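*Asks:* So that we are looking at the same thing, I have put the structure below in structure tokens.
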Amino acid sequence: MSAIFTKSMARNVFFGGSVFFFLLFLVLTFDSMRVLHTRDNSQNLTVNVEHGKKVWETNNCIGCHTLLGEGAYFAPELGNVYKRRGPAFIKAWIQGMPTDVPGRRQMPQFNLTDKELDDLIEFLKYTSEINTNNWPPNTEG
Amino acid sequence: MKYASQAVAKPYFIAAIGLFLGQILFGLIMGMQYVVGDFLFPAIPFNVARMVHTNLLIVWLLFGFMGASYYLVPEESETELFSPKLAIITFWVFLVAGALTILGYLLVPYASLAKWTGNDMLNTMGREFLEQPLPTKIGIVLVALSWLVNIVMTVLKGRKTAISLVLSLGMLGLAVFWLFSFYNPANLVKDKFYWWWVVHLWVEGVWELILGAMLAFVLIKVTGVDREVIEKWLYVIITMTLITGIIGTGHHYFFIGLPPYWLWLGSIFGALEPIPFLMMTIFAFNMVNKRRRDHPNKAAVLWALGTSVVAFVGAGLWGFLHTLAPINYYTHGTQLTAAHGHLAFYGAYALVVLTMISYAMPILRGRAANSEKAQVMEMWSFWLMTISMFGIALLLTAAGIVQAYLQRVSATPMSFMAVQDQLAIFYWSREAAGLVFLIGLLLYIWSFFIKEKESALV
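As given, the protein sequences belong to chains A and B, one line each in that order.
First residue of the first sequence? That's 1 in our numbering, and the numbers climb one at a time after it.
First residue of the second sequence? That's 142 in our numbering, and the numbers climb one at a time after it.
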């Protein structure tokens with residue numbers, strides 16, 4: 001048996017197979033990037049949205065929340081929160097944290113400026129309009 | 142040990158276990174916060190505890206991989222390590238940088254940490270698992286480079302075995318894919334697409350090469366089975382890893398804004414990803430069955446076999462549970478994800494590092510194996526940690542199913558927070574399982590301090 005399928009053959013199949021599938025992956029990547037603009041809502045990727053993404057990141061929102069299902073599972077999905085709650089609610093909510101309800105999961109006060117809040121909400125609006133193949137199943141996220 | 146320079150592995154292993162303990166303490170904090178929502182708030186908000194927990198995990202595993210490399214490569218290459226001094230300097234750089242980073246997370250508000258560490262120059266912070274400040278990320282590049290150079294130079298000057306080749310390829314892949322952590326485009330879909338080039342192509346890609354090489358090394362040592370057989374199996378296993386796992390990246394591309402063909406590609410290739418893990422299980426049991434010697438380190442054999450089983454169940458089976466797009470549609474970002482993540486990381490990576498440490502540490506301390514008493518304690522540790530981790534996985538799976546039903550499947554969906562209240566029983570039980578896990582880990586640490594009454598001849 002070992003004369004039919006040697007270690008050298010196994011090694012060659014490894015190199016050949018890996019290179020093939022990696023190249024295939026690069027082709028798929030190239031294609032995905034090519035068609036991305038038809039689904040990624042980049043026409044609404046303004047300077048404010050970009051700034052809002054930075055606010056999202058520098059306050060580590062992903063540390064408690066999910067965004068398009070990715071992140072932490074402590075707090076609600078925010079990819080569709082713009083549609084679920086609207087900008088006024090979101091702004092008031094963040095400004096009003098923490099709730100200090102005993103025993104309830106707490107969100108910190110981030111001391112965001114008005115501009116930071118508005119940009120963050122722009123970012124969440126932009127996110128809610130990305131074509132995610134119909135995910136999440138409903139408004140609860 | 143056969144080569145004096147293998148001794149540099151020892152500090153790496155000690156650091157790995159210390160950081161592992163830290164990881165679990167913060168895990169217990171988070172588990173408590175799941176049910177007592179304001180526990181330690183505002184001193185340690187959940188997101189801070191989480192980034193400490195996940196970053197400690199990654200760093201202790203990296204210390205483990207590095208220590209394992211410095212131990213096994215000189216022996217495989219039949220020559221001393223290229224530069225033991227570089228290995229020790231790198232150890233301290235990594236440890237200090239890691240400690241400072243964790244302290245930064247705990248003591249400084251994240252937005253301030255970002256501002257003070259140059260995040261405005263190049264914005265790399267604020268993504269899951271990649272929370273590290275820019276200087277830390279650069280430090281990791283340098284540490285990885287130093288590790289790579291040291292290992293590759295050692296292999297080049299000595300005997301080249303399949304094990305060292307596979308390990309080196311895995312390390313090279315680790316270093317190259319880490320570079321994507323610096324790429325954070327404003328376009329959220331692109332951001333997420335390339336983020337997975339670090340995360341998926343690490344843990345479902347090149348890290349499996351490192352895992353395979355480490356497991357193969359330990360199995361050769363403890364079973365005495367012919368190297369040719371083991372190395373051929375290793376190539377077959379890693380072939381299956383990459384031909385399933387590379388396109389399998391697509392199972393993260395279902396619902397983040399990418400074209401729908403990923404729903405098919407990710408489901409099919411993702412469904413095949415358990416195959417290399419199943420092969421590892423069969424391979425490990427076969428090797429032990431066909432062994433030519435009964436190695437005195439029976440604990441190491443248990444850890445090795447345990448790795449092959451729990452990796453298959455946690456990474457393979459639990460991964461399969463949610464890799465098909467129609468199922469993932471309902472389970473995406475739920476407690477099922479957490480269940481899989483915990484059992485997979487524990488089974489594949491925590492266990493293989495513990496296997497290596499259990500095999501190598503006695504030798505580094507001057508004996509072939511620990512005393513009967515110490516080995517028994519290790520075995521208790523294995524069973525307590527493994528059973529409690531299965532408990533955690535089962536509980537979170539149940540929680541995830543209930544969550545998916547109430548929040549997404551039901552005709553009258555409930556809000557996230559209302560659903561979380563319904564899951565409290567699972568979370569309390571999970572915390573209890575977590576405490577058992579901690580006890581298991583403490584026993585493992587204790588086993589290092591059990592005095593040798595008689596030592597086996599090296």
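Note that the Cβ used here is the ideal one computed from N, Cα and C, for glycine as well.
Please read these numbers as outputs of a predicted model, since none were measured by experiment.
Expressed to the nearest angstrom, what Euclidean distance is found between the alpha-carbon atoms of Asn-264(B) and Asn-325(B)?
*Replies:* Counted from its first residue, the second sequence places residue 264(B) at position 123. Counted from its first residue, the second sequence places residue 325(B) at position 184. About 7 Å.
*Asks:* Determine, using beta carbons only, whether Phe-486(B) and Gly-455(B) come nearer to each other than 9 Å.
*Replies:* Here the question's residue 486(B) lines up with position 345 in the second sequence. Here the question's residue 455(B) lines up with position 314 in the second sequence. Against a cut-off of 9 Å, the Cβ pair of Gly-455(B) and Phe-486(B) comes out as a contact.
*Asks:* Using three-state DSSP, classify Glu-414(B) as helix, strand or coil.
*Replies:* On the second sequence, position 273 is the one that residue 414(B) refers to. If DSSP states are grouped into helix, strand and coil, Glu-414(B) belongs with coil.
*Asks:* Do we get a CB-CB distance below 9 Å when we pair Glu-593(B) with the residues of chain A?
*Replies:* Within the second sequence, numbered from 1, the residue matching residue 593(B) stands at position 452. False, the Cβ-Cβ gap to chain A never drops below 9 Å.
*Asks:* Curious, which full-length alpha helix (DSSP H) runs of at least 4 residues does the segment 448–475 of chain B contain?
*Replies:* With a minimum length of 4 residues, the continuous alpha helix (DSSP H) runs that stay inside the segment 448–475 of chain B are 459–462, 466–472.
*Asks:* Closer than 7 Å between beta carbons: that is the criterion. Which residues of the segment 29–43 of chain A meet it against chain B?
*Replies:* Under the 7 Å Cβ criterion, the segment 29–43 of chain A contributes Ser-32, Val-35, Leu-36, Arg-39, Asp-40, Ser-42.
*Asks:* Just how far apart, CA to CA, sit Glu-414(B) and Ala-88(A)?
*Replies:* Here residue 414(B) corresponds to residue number 273 of the second sequence, with the count starting at 1. Here residue 88(A) corresponds to residue number 88 of the first sequence, with the count starting at 1. Going by the C-alpha atoms only, they are around 45 Å apart.
*Asks:* In three-state terms, what does DSSP make of Thr-496(B)?
*Replies:* Counting from 1 along the second sequence, the entry for residue 496(B) is found at position 355. Thr-496(B) falls in the helix class under three-state DSSP.
*Asks:* Anything in chain B within Cβ reach of Arg-85(A), meaning under 8 Å, just list it in chain order.
*Replies:* Taking the first sequence and counting its residues from 1, the one referred to as residue 85(A) is at position 85. Simply none; closest approach about 11 Å.
*Asks:* Taking Cβ-Cβ distances shorter than 7 Å, what residues in chain A pair up with Tyr-470(B)?
*Replies:* Here residue 470(B) corresponds to residue number 329 of the second sequence, with the count starting at 1. Neighbours of Tyr-470(B) on chain A, chain order: Trp-135, Pro-137.
*Asks:* Would you call Met-558(B) buried or exposed, if buried means 16 or more other Cβ atoms sit within 10 Å of its Cβ?
*Replies:* Taking the second sequence and counting its residues from 1, one reaches residue 558(B) at position 417. By the 10 Å Cβ count, Met-558(B) comes out exposed.
*Asks:* Using a Cβ-Cβ cut-off of 7 Å (strictly less than) and excluding sequence neighbours within five positions of Ala-597(B), which residues of its own chain qualify?
*Replies:* Working through the second sequence from its first residue, we reach residue 597(B) at position 456. A caution first: Ala-597(B) carries a pLDDT of 49, below 50, which makes its placement in the model unreliable, though a value can still be read off. Excluding positions up to five away in sequence, the list reads Pro-437, Arg-508, Ala-509, Ala-510.
*Asks:* Measuring only from the beta carbon, is Val-176(B) closer than 8 Å to any heavy atom that is part of the ligand GDP?
*Replies:* Only the bare structure without any ligand can be found here, which leaves the ligand GDP out of the picture.
*Asks:* Is it buried or exposed, Glu-216(B), if we count other Cβ atoms within 10 angstroms and call 16 or more buried?
*Replies:* On the second sequence, position 75 is the one that residue 216(B) refers to. Flag for Glu-216(B) reads buried.
*Asks:* Report buried or exposed for Gly-457(B), applying the criterion of at least 16 other Cβ atoms within 10 angstroms of its Cβ.
*Replies:* In the second sequence, residue 457(B) corresponds to position 316, counting from 1. Burial call: buried.
*Asks:* Measure the alpha-carbon distance for Trp-337(B) versus Thr-478(B) and round it to whole angstroms.
*Replies:* Translated into positions along the second sequence, residue 337(B) becomes position 196. Translated into positions along the second sequence, residue 478(B) becomes position 337. If you take the alpha carbons of Trp-337(B) and Thr-478(B), they lie about 15 Å apart.
*Asks:* Answer yes or no: does any C-beta atom of chain A fall closer than 9 Å to that of Thr-364(B)?
*Replies:* For this step, residue 364(B) is matched to residue 223 along the second sequence. Closer than 9 Å: no.
*Asks:* I want to verify the contact list: residues of chain A whose CB lies under 7 Å from the CB of Glu-372(B), in sequence order.
*Replies:* By one-based count along the second sequence, residue 372(B) stands at place 231. Residues of chain A passing the Cβ test: Lys-7.
*Asks:* Measuring CB atoms only, is the segment 75–85 of chain A touching the segment 146–161 of chain B, in the sense that at least three cross pairs come out at less than 8 Å?
*Replies:* The segment 75–85 of chain A is not in contact with the segment 146–161 of chain B.
*Asks:* Starting from Leu-120(A), trace the alpha helix (DSSP H) both ways and give me its first and last residue.
*Replies:* What you label residue 120(A) is simply residue 120 of the first sequence in a count that begins at 1. Its alpha helix (DSSP H) spans residues 114–128.
*Asks:* With respect to the alpha helix (DSSP H) encompassing Arg-191(B), which residues constitute its N-terminal and C-terminal limits?
*Replies:* Taking the second sequence and counting its residues from 1, the one referred to as residue 191(B) is at position 50. Here the alpha helix (DSSP H) through Arg-191(B) covers 187–218.
*Asks:* Between Thr-123(B) and Leu-350(B), how many whole angstroms is the CB-CB distance? I'm expecting something under 8 Å.
*Replies:* Absent from the model: residue 123(B). The displayed extent of chain B is 142 to 599, so no value can be given.
*Asks:* Does chain A have any CB closer than 9 Å to the CB of Val-433(B)?
*Replies:* Locating residue 433(B) in the second sequence gives position 292, counting from the first residue. Going by the sequence as given, residue 433(B) is Arg instead of Val. Judged by the 9 Å Cβ criterion, Arg-433(B) is not in contact with chain A.
*Asks:* Against chain B, which members of the segment 13–26 of chain A pass a CB distance test of less than 7 Å?
*Replies:* Answer set for the segment 13–26 of chain A: Val-13, Phe-14, Gly-17, Ser-18, Phe-21, Phe-22, Leu-24, Phe-25.
*Asks:* Between the segment 39–57 of chain A and the segment 165–173 of chain B, do at least 3 Cβ pairs fall closer than 8 Å?
*Replies:* Short answer: they don't touch.
*Asks:* Could you check which residue in Gly-141(A), Asn-60(A), Leu-26(A) has the C-alpha nearest to that of Met-266(B)?
*Replies:* Within the second sequence, numbered from 1, the residue matching residue 266(B) stands at position 125. It is Asn-60(A).
*Asks:* Kindly indicate which three-state DSSP category Leu-399(B) falls into: helix, strand or coil?
*Replies:* Here residue 399(B) refers to the residue found at position 258 when the second sequence is read from its first residue. Correct three-state label for Leu-399(B): coil.
*Asks:* Using a Cβ cut-off of 8 Å, which residues of the segment 181–205 of chain B contact any Cβ in chain A, in chain order?
*Replies:* Listed in sequence order: Phe-182, Pro-183, Pro-186, Phe-187, Asn-188, Val-189, Arg-191, Met-192.
*Asks:* Can you find a CB in chain A that lies within less than 9 Å of the CB of Pro-554(B)?
*Replies:* Taking the first residue of the second sequence as 1, we reach residue 554(B) at position 413. So, interface residue.
*Asks:* Looking at chain A, which residues of the segment 473–499 of chain B have a Cβ within less than 8 Å of any of its Cβ atoms?
*Replies:* Within the segment 473–499 of chain B, the qualifying residues are His-473, Gly-474, Thr-475, Gln-476, Thr-478, Ala-479.
*Asks:* In whole angstroms, what is the alpha-carbon distance linking Gly-52(A) and Gly-159(B)?
*Replies:* The residue given as residue 52(A) occupies position 52 in the first sequence. The residue given as residue 159(B) occupies position 18 in the second sequence. Cα-Cα distance, rounded: 38 Å.
*Asks:* Can you find at least 3 beta carbon pairs, one from the segment 574–588 of chain B and one from the segment 515–528 of chain B, that sit closer than 8 Å?
*Replies:* Yes: the two stretches touch, three or more of their Cβ pairs being nearer than 8 Å.
*Asks:* Can at least three beta-carbon pairs, one atom from the segment 205–216 of chain B and one from the segment 245–259 of chain B, be found at a separation below 8 Å?
*Replies:* Contact fails: fewer than three Cβ-Cβ distances are below 8 Å.
*Asks:* Note down, one range per segment and in chain order, each beta strand (DSSP E) of at least 3 residues found wholly within the segment 292–330 of chain B.
*Replies:* Listed in chain order, nothing qualifies, since the segment 292–330 of chain B has no complete beta strand (DSSP E) run of 3 or more residues.
*Asks:* Using the rule of at least 16 other Cβ atoms within 10 Å of the residue's Cβ for burial, across every protein chain shown, is Trp-459(B) buried or exposed?
*Replies:* Walking along the second sequence from the start, residue 459(B) turns up at place 318. Burial call: buried.
*Asks:* Could you check where the alpha helix (DSSP H) with His-51(A) kicks off and where it finishes?
*Replies:* In the first sequence, counting from the first residue as 1, residue 51(A) sits at position 51. It spans 47–58 - the alpha helix (DSSP H) in which His-51(A) sits, taken as one unbroken run.
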